[in-house]
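Enquirer:
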Amino acid sequence: MATEVLWYVIPREGGYPWEPAGRRPADLRYLQRLAGAVESLGFTGALLATDLYDVWALGSALSAATSTRFKPLLAVHPGLISPTLLAKQALTFEHLFGGRLRFNVVNGSTRHLAQYGLHLEGDERYALSTEYWSLVKRLTAGEVFDHKGRFYELRDAGADLRELPPVQRPHIPLWFGGSSAAGIEMAAEQVDVYLTWGEPVPQLKEKLDRVRARAAAYGRTLRIGLRLHLIVRDTEDAAWAAADRLLDITSEATYAARLGEARDADGVGWQRQFRQHGGRVPARARELETYPNLWPGMSLFRPGPGTAVVGSTAQVVERLQEFESLGVDTFILSGNPLLEEAYRVGETVLPALGVTG
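In this text, residue positions in the sequence shown follow our numbering: the first is 23, and each later residue adds one.
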């Protein structure tokens with residue numbers, strides 16, 4: 023049985039929000055309504071990704087409108103602000119909203135982070151991330167200390183946070199996904215929940231075995247989370263027809279832009295995902311089925327994790343349970359539109375996973 027199942031909340035919302043015609047207005051009231059639905063349906067929270075809105079503002083707005091049952095997972099890039107300032111923001115959030123914050127560590131790409139003045143290549147980003155999050159963990163655990171490392175030199179760090187004692191112990195949890203050797207090493211040493219994108223079961227098992235082996239070398243064990251999109255319908259044919267429609271309504275300009283970005287991406291996870299379809303846009307979605315009910319076609323038109331489980335309710339549940347057999351105990355799920363699909367998944371898939379509202 024899954025320990026946690028999260029949903030997804032971003033302002034770029036709609037039936038196919040990568041196209042202007044497929045978006046709906048998603049103002050504060052709508053996003054709070056979405057968060058309320060996520061909470062009431064039994065999800066344990068939602069991933070707030072690095073989309074149009076700053077995650078701190080969005081997370082605060084949603085947490086103010088929900089109870090402590092709704093736990094936001096905020097996507098944060100290390101290195102863009104001081105680790106001490108991030109710890110202060112996090113501890114403030116914890117005190118205001120009742121100890122429910124989690125961090126989704128996002129290492130990003132060289133090109134994207136250059137927009138914010140951070141100029142580091144892949145392995146250097148992981149070296150920075152390891153040092154950065156080790157400091158954040160200590161600061162959100164209530165420590166006061168000096169530190170001199172490769173990237174940071176801190177004196178009396180945490181002294182100004184004495185009146186913001188930790189709410190969660192031992193620290194605010196870190197969730198993270200990385201497929202490169204450097205990323206897996208950082209996860210093994212630092213994080214609490216290792217996240218991965220959907221892949222065929224044999225490939226995923228091989229990767230998770232490596233992650234567990236590296237964590238064991240540090241004397242640690244990690245929870246395992248899986249980020250997936252769902253296209254679930256009453257029948258298998260209806261689900262694949264819905265996937266076909268997404269291919270049909272996506273513009274050539276969107277395909278070209280997404281595939282160009284994917285080819286230039288420097289992340290190993292991106293490369294593993296891209297190899298599943300090779301940049302080919304099929305006539306019918308099922309031509310790209312890489313494993314029963316597993317479809318990497320979402321990455322042809324949306325950024326980030328692009329693998330969907332496509333099928334009837336029973337088939338989707340069966341596939342999620344197969345992932346659970348690999349040791350996955352946490353799912354971050356989504357479907358478009360986010361509000362309607364939260365209800366569909368919450369009322370059909372979650373009960374079969376042992377999750378109730």
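Just so you know, even glycine gets a beta-carbon here, dropped at the ideal spot from N, CA and C.
With T162 as the anchor, note down where its beta strand (DSSP E) starts and where it stops.
Expert: Mapped onto the sequence shown, residue 162 falls at position 140. Note, T162: premise wrong, no beta strand (DSSP E); alpha helix (DSSP H) at G144 to T162.
Enquirer: Ordered along the chain, which non-local residues of its own chain (more than five positions away) have a Cβ less than 6 Å from that of A204?
Expert: Counting from one through the sequence shown, the residue named residue 204 turns up at place 182. Excluding sequence neighbours, A204 sits near D145 and Y148.
Enquirer: Which one or two residues does DSSP pair with I253 in a beta bridge?
Expert: Within the sequence shown, the letter at position 231 stands for residue 253. According to DSSP, which records beta bridges pairwise, I253 is partnered with V332.
Enquirer: Taking the continuous alpha helix (DSSP H) assigned at W78, which residues delimit it?
Expert: Here residue 78 corresponds to residue number 56 of the sequence shown, with the count starting at 1. Counting along the chain, the alpha helix (DSSP H) containing W78 begins and ends at V77 to A86.
Enquirer: Where does R236 land, buried or exposed, given buried means 16+ other C-beta within 10 angstroms?
Expert: Counting from one through the sequence shown, the residue named residue 236 turns up at place 214. Per the 10 Å Cβ criterion, buried.
Enquirer: Using a 10 Å radius around the Cβ and a threshold of 16 neighbouring Cβ atoms, would you call R255 buried or exposed?
Expert: For this step, residue 255 is matched to residue 233 along the sequence shown. R255 is buried by the Cβ-count criterion.
Enquirer: Less than 8 Å separating the beta-carbons of R122 and T162?
Expert: Locating residue 122 in the sequence shown gives position 100, where the first residue counts as 1. Locating residue 162 in the sequence shown gives position 140, where the first residue counts as 1. No. Outside cutoff.
Enquirer: DSSP state of Y216, grouped into three classes?
Expert: Within the sequence shown, the letter at position 194 stands for residue 216. If DSSP states are grouped into helix, strand and coil, Y216 belongs with the strands.
Enquirer: Rank L70, P47, A279 and T378 by C-alpha distance to the C-alpha of L322 and give the top, closest one.
Expert: What you label residue 322 is simply residue 300 of the sequence shown in a count that begins at 1. Answer by Cα proximity: A279.
Enquirer: On the three-pair Cβ rule with 8 Å, is the stretch 218-233 touching the stretch 359-376?
Expert: These segments do not touch.
Enquirer: Check this for me: beta carbons of L53 and P33, under 8 Å apart or not?
Expert: Against the sequence shown, residue 53 aligns to sequence position 31. Against the sequence shown, residue 33 aligns to sequence position 11. Contact: yes.
Enquirer: Using the Cα positions of V367 and A136, report the straight-line distance between them to the nearest angstrom.
Expert: Position 345 of the sequence shown holds residue 367. Position 114 of the sequence shown holds residue 136. The straight-line gap from Cα to Cα measures roughly 38 Å.
Enquirer: Classify I206 as helix, strand or coil using the three-state DSSP reduction.
Expert: Within the sequence shown, numbered from 1, the residue matching residue 206 stands at position 184. The answer is helix: DSSP assigns I206 an H, G or I state.
Enquirer: Our contact map puts E41 next to S356 with C-beta atoms below 8 Å; I'd like the distance itself, whole angstroms only.
Expert: One-based indexing of the sequence shown puts residue 41 at position 19. One-based indexing of the sequence shown puts residue 356 at position 334. So it is not a contact: roughly 17 Å between Cβ atoms.
Enquirer: When the Cβ atoms of the stretch 170-180 are set against those of the stretch 87-106, are three or more pairs found closer than 8 Å?
Expert: A contact exists between the stretch 170-180 and the stretch 87-106.
Enquirer: Where do the ends of the alpha helix (DSSP H) carrying I271 lie?
Expert: Counted from its first residue, the sequence shown places residue 271 at position 249. E258 to I271 is the extent of the alpha helix (DSSP H) around I271.
Enquirer: With distances taken from CA atoms, which of N126, A97 and E61 is nearest L372?
Expert: The sequence position of residue 372 within the sequence shown is 350, counting from 1. The candidate whose alpha carbon is nearest that of L372 is E61.
Enquirer: Taking all protein chains shown into account, decide if E309 is buried (16 or more other Cβ within 10 angstroms of its Cβ) or exposed.
Expert: For the purposes of this step, residue 309 is taken as the residue at position 287 of the sequence shown. Counting Cβ neighbours within 10 Å, E309 comes out exposed, since fewer than 16 surround it.
Enquirer: Once the 5 residues before and after E26 are set aside, which same chain residues still bring their CB inside 6 Å of it?
Expert: For the purposes of this step, residue 26 is identified with residue 4 of the sequence shown, where counting begins at 1. Closer than 6 Å at Cβ, skipping near neighbours: T66 and T352.
Enquirer: Tell me whether H117 sits in a helix, a strand or coil according to DSSP, three-state version.
Expert: Position 95 of the sequence shown, counting from 1, holds the residue named residue 117. The answer is helix: DSSP assigns H117 an H, G or I state.
Enquirer: Straight-line CA distance for E165 to L186?
Expert: Residue 165 sits at position 143 when you count from the first residue of the sequence shown. Residue 186 sits at position 164 when you count from the first residue of the sequence shown. Spanning the two alpha carbons is a distance of roughly 11 Å.
Enquirer: With which residues is N126 paired in a DSSP beta bridge?
Expert: Sequence index remark: in the sequence shown, residue 126 carries index 104 (1-based). In DSSP, N126 forms a bridge with A97 and W197.
Enquirer: For the beta strand (DSSP E) containing R46, list its first residue and its last residue.
Expert: By 1-based counting over the sequence shown, the position of residue 46 is 24. Where R46 is concerned, there is no enclosing beta strand (DSSP E), given that its DSSP letter is neither H nor E.
Enquirer: Spatial neighbours of L348 within its chain, please: CB distance less than 8 Å, with the 5 preceding and 5 following residues excluded, ordered by chain position.
Expert: Here residue 348 refers to the residue found at position 326 when the sequence shown is read from its first residue. Correct list, in chain order: V223, L226, K227, L230 and I246.
Enquirer: Suppose contacts are defined by Cβ-Cβ distances below 8 Å. Is G130 in contact with H99 by that definition?
Expert: Within the sequence shown, numbered from 1, the residue matching residue 130 stands at position 108. Within the sequence shown, numbered from 1, the residue matching residue 99 stands at position 77. Yes, the Cβ-Cβ distance between G130 and H99 is below 8 Å.
Enquirer: Alpha carbon to alpha carbon, how far is T276 from G319? Give it in angstroms, no decimals.
Expert: Here residue 319 corresponds to residue number 297 of the sequence shown, with the count starting at 1. Here residue 276 corresponds to residue number 254 of the sequence shown, with the count starting at 1. For G319 and T276, the distance between alpha carbons rounds to 13 Å.
Enquirer: Taking the alpha helix (DSSP H) that A305 belongs to, which residues open and close that run?
Expert: Along the sequence shown, read from residue 1 onward, the residue named residue 305 stands at position 283. Here A305 belongs to no alpha helix (DSSP H), and DSSP marks it neither H nor E.
Enquirer: What is the DSSP secondary structure of S356, counted as helix, strand or coil?
Expert: On the sequence shown, residue 356 is found 334 positions in, with the first residue counted as 1. S356 falls in the strand class under three-state DSSP.
Enquirer: Taking its Cβ as the centre, do 16 or more other Cβ atoms sit within 10 Å of A330, making it buried, or is it exposed?
Expert: As a working mapping, residue 330 is identified with position 308 in the sequence shown. With 16 or more Cβ atoms within 10 Å of its Cβ, A330 is classed as buried.
Enquirer: May I have the straight-line CA-CA distance separating E283 from R324, to the nearest angstrom?
Expert: Indexing the sequence shown from 1 puts residue 283 at position 261. Indexing the sequence shown from 1 puts residue 324 at position 302. Cα to Cα, E283 sits roughly 11 Å from R324.
Enquirer: So what's H169 in DSSP terms, helix, strand or just coil?
Expert: Against the sequence shown, residue 169 aligns to sequence position 147. Correct three-state label for H169: strand.
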